[in-house]
Structures are given as structure tokens and as C-alpha cells.
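Numbering (the numbering used here), first residue to last: 54 to 427.
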């Protein structure tokens, strides 16, 4: 099973140097990667949307503030920016300018999108995005209309397919087809999409995608946000069969990618993920910025107790070095607050080990830079 490997990215020289200069207690000068929500607006109305409250709030960065924020991140030394949501990042009217600004200043860019507005910024995305991942979750218009309906009532499946075809012809970076496994366990208004996993991978390859990514869903359980969803195990057996078939489609131009926690979800893991460490190294290496506030990480987007600043009221540097962030970081205890299956648990364990080795003067075997999205 091909699985995302985030741990290996830590051994790039620029990451090791950043860890060397970071104190888990006092922090550092800037994060390496920023997840940025330009807007909470979204043109879709997906049932069970995990960002429903954020979308309802409707916050967005003003046109001018989005651009100045880009300039501040460049000045701070941010290496990579992921445009995500929240809402639909490409719905912001000046996101094309931001993409060009970041690309022209050697900030690597990734985009997670629902795909409906790709054609508006086709040139900017094709030129500057290192990867563009389109959230689809279906292989047919019929199923897509149930899982990813539009607010207008008219399906946007064919529009998105057309946009992906256009991007595949001009892109310099990678394009991915994201497939979130869903069943009735995700909500009374959700239907299973397991039967279209293989067809989704086949469609992805036909569209010119570089990869097809299968992902699990999450739920609130046992008092913990973001616990892995528990699905019917008969359905999970069918999902395994579908995923196994997908590998028949792999070649030198097309890959199947399984999200870090997918296997645990398929196995029906009933336990949470306890942490033996209190501080979270990833919160010093990455951060999440939204128009409604800056947060320690995307898991806590919208949660006021994890809000580290307000980019509408302060600069990026002021937020990162500010008293509010210091206070939140001082109170953060992932051993108590983050017992869900975190994507960066293994990353955190390795970062802690690396820091300990660096502090003792050990020489770390480095690898050339290959991916800034740590």
C-alpha cells in the first residue's frame, strides 16, 4: 500500500536547520509552511461538511489584505503556502494575484480546491502551483450531485471535469483527484461512495491526473474532535477490494496514494491515538491562517482557545511573535487535547528525536530538497 511519507521530508537540510534553531518552549522566527484560507465562501453545499460553521460565518480577507499578507509571509521566510479552506480558496477575487506573487518570490504553492473556479486562474495555477488537488469523492455526475451538490442546485460535475482537462494540458506541477471514502455512517443525508472508488481512479487517469488519493473521514467521538469515522466493516472490505483494483492503473505517470490514517480507518480502529509528548513540533513548523483568526493547526481551525492571532488586526510577524500566540502555545498540551489520529504524529516523534540529536551535536545525514510541504 502506497502511503504518504511526511517523516522523510524532515531530513531536508532547510528543515533540519529550522529544527536546530527552534525551541519547543520558546519557538522560532517563522513557520516553514502556512495553510491559508483566503475566504470562507463556498459554492457547494456538501452534506456533513466539516467546515460548515466556518462557511456559515462567511469571513474573508479583504482584497488588499490578502496581497499584503502574501508579502508579509515572503518577508518572514515562509517556504510553502497551501491554499485551502474553510471555504473554496479560489473563490477569493484576488487569489490569482496572490498565486503569482508567491510563485514569483520562490514560495512553493499547493492548492486544495473543489475545482469549480480553476478556469478563472488557469494560467496562474498552471505556472505556479506545485500541486493542485481537486476534491471529487465520486466518478459519476449522479453520485457527485448527492455528495457535493451546489448551492445553486445545478450540478457542477461536468464543469469541474472540464476544468481538470484544461489544467492537465498546461500544468507544470502535479494534479490530484481526491476521494474521501464516505458511507451512511457519515450522516443520514450521506450515501456510500465505495462502489465508485475504482471508477474514480480510472477517471482520474483519463483526465491526466498525476495521482489519485484515497482518504478517510472523521467524526466527534468520546469527547474528542477528529476521531476516525467508524464504518460498517463489510463496507470497508469492499473498499479494500476497490482500492486494490486501483493499483492496476498505476504506471510511470499515474500513482495511487493512500492517506496516512486510511489503513486505521479501513481496519475499524476503535482506539484513539494517545500522545506521550506535550509540545507539538508541527505547530512550530506549520500554521493555519484564516480571515477569522490564525490557529495552531488546521485541526483547531475556528476554535477560539487555539486562536493565536488575528491577521486583520496585526501583521504576520506580529502574530507569530505576539503574546497571544505565546500564551496559547504555553497552554497547549497535545497529550491531553489531541488524542485523535493526527496526520503529523509520526512527524512530531521524529522532529523531537531530531532535535534531541542536534542538541547533543550529532551529525544528521541530510537529503537534498525535494518537497517543501512538510
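Ideal placement from N, C-alpha and C gives every residue a C-beta, glycine not left out.
For residue 186, the secondary structure class from DSSP, reduced to helix, strand or coil, is strand. The three-state secondary structure of residue 347, taken from DSSP, is strand. Residue pairing for residue 309: DSSP places it in a beta bridge opposite 265. Under the criterion of beta carbons closer than 8 angstroms, residue 165 and residue 147 do not qualify as touching, at roughly 18 angstroms. A Cβ-Cβ contact shorter than 8 angstroms links residue 100 with residue 243.
Counting every other CB atom within 10 Å of its CB across the protein chains shown gives residue 190 a total of 16 or more, marking it as buried. In the three-state reduction of the DSSP assignment, residue 241 falls in the coil class. Here the alpha carbons of residue 102 and residue 92 stand approximately 16 angstroms from one another. In this chain, the beta strand (DSSP E) harbouring residue 161 covers 161-166. When DSSP states are grouped into helix, strand and coil, residue 113 belongs to the strand group. With a 10 Å radius around the Cβ and a threshold of 16 neighbouring Cβ atoms, residue 300 comes out exposed. As DSSP reads the structure, residue 232 sits in a beta bridge with 267.
Each residue's CA atom was taken as its position, placing residue 138 and residue 90 some 5 angstroms apart. Taking the Cα of residue 59 as reference, the smallest distance to any Cα among 312, 329, 316 and 345 is reached at 312. In the three-state reduction of the DSSP assignment, residue 301 falls in the helix class, which pools H, G and I.
For residue 225, the number of other beta carbons within 10 angstroms of its own is below 16, and it is reported as exposed.
It is roughly 14 angstroms from the alpha-carbon of residue 162 to the alpha-carbon of residue 423. Residue pairing of residue 148 in beta bridges, as defined by DSSP: absent, with no partner found. The DSSP assignment places complete beta strand (DSSP E) segments of no fewer than 3 residues inside the region 359-421 at 360-362, in order along the chain. For residue 247, there is no enclosing alpha helix (DSSP H), as DSSP marks it with neither H nor E.
Excluding sequence positions up to five before and after residue 192, its CB lies within less than 7 angstroms of the CB of 249, 252, 253 and 256, all in the same chain and listed in chain order. When C-alpha distances from residue 197 are compared across 175, 127 and 235, the shortest belongs to 235.
If you compare the alpha carbons of 233, 377, 68 and 401 with that of residue 357, the shortest gap goes to 377. With 16 or more neighbouring CB atoms inside 10 Å of its own CB, residue 347 falls in the buried class. Rounded to the nearest angstrom, the gap between the Cα atoms of residue 64 and residue 199 is 43 angstroms.
For residue 131, no beta strand (DSSP E) segment is defined, and its DSSP state is neither H nor E. Taking 8 angstroms as the cut-off, the Cβ atoms of residue 407 and residue 135 do not count as close. Here residue 297 is exposed. Its C-beta has fewer than 16 other C-beta atoms within 10 Å.
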